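In the working numbering, the protein residues as written are 265 to 347.
Yeah, the Cβ is synthetic: ideal placement off N, Cα and C, and Gly gets one too.
Being a predicted model, the structure only gives us computed values, none of them experimental.
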Amino acid sequence: MAGLTDRLAAERTHLANERTLLAYVRTALGLGATGAALPKLVASHPVLVPLVWLLVTLGVATAIIGIRRFFVVRKQIDEGSAS
Numbered sequence: 265m266a267g268l269t270d271r272l273a274a275e276r277t278h279l280a281n282e283r284t285l286l287a288y289v290r291t292a293l294g295l296g297a298t299g300a301a302l303p304k305l306v307a308s309h310p311v312l313v314p315l316v317w318l319l320v321t322l323g324v325a326t327a328i329i330g331i332r333r334f335f336v337v338r339k340q341i342d343e344g345s346a347s
């Protein structure tokens, strides 16, 4: 019975890790889309250019951090469930 409980706990942890990755991706897409849409929604203004680049850069950085974190945590989960 303990084996089944341990496998189910590991599976729940894997699913939680995937949900966290999806949250990172959702946030990254939101930042990037806001940066891309901002000049179209508001009249083009030179002050917006750095803000647009900042939002797009933050979106890409968030995606990279989330993907990296997903693989690091997945490795930790797999190593922990193997012992």
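Local Cβ density within 10 Å of residue i, reported as buried at 16 or more and exposed below that
i	result
T326	buried
L295	buried
L272	exposed
L318	exposed
L292	For clarity, residue 292 is Ala in the given sequence; the question names Leu instead. Buried is the call here.
G267	exposed
Cut-off 6 Å between Cβ atoms - residues of its own chain near residue i, not counting five sequence neighbours on either side
i	result
E343	none
Cβ shell of residue i (< 8 Å), same chain only, five flanking positions each side left out
i	result
L285	G330, I331, R333, F334
R338	H278, N281
V324	A292, G296
I341	A274, T277, H278, N281
Contact belief for residue i with residue j at Cβ below 8 Å, rounded distance in angstroms
i	j	result
L312	L322	Between L322 and L312 the Cβ distance is about 15 Å, and since that is not below 8 Å, they are no contact.
Contacting residues, own chain, Cβ-Cβ under 7 Å from residue i (five flanking each side not counted)
i	result
G299	V316, L319, V320, G323
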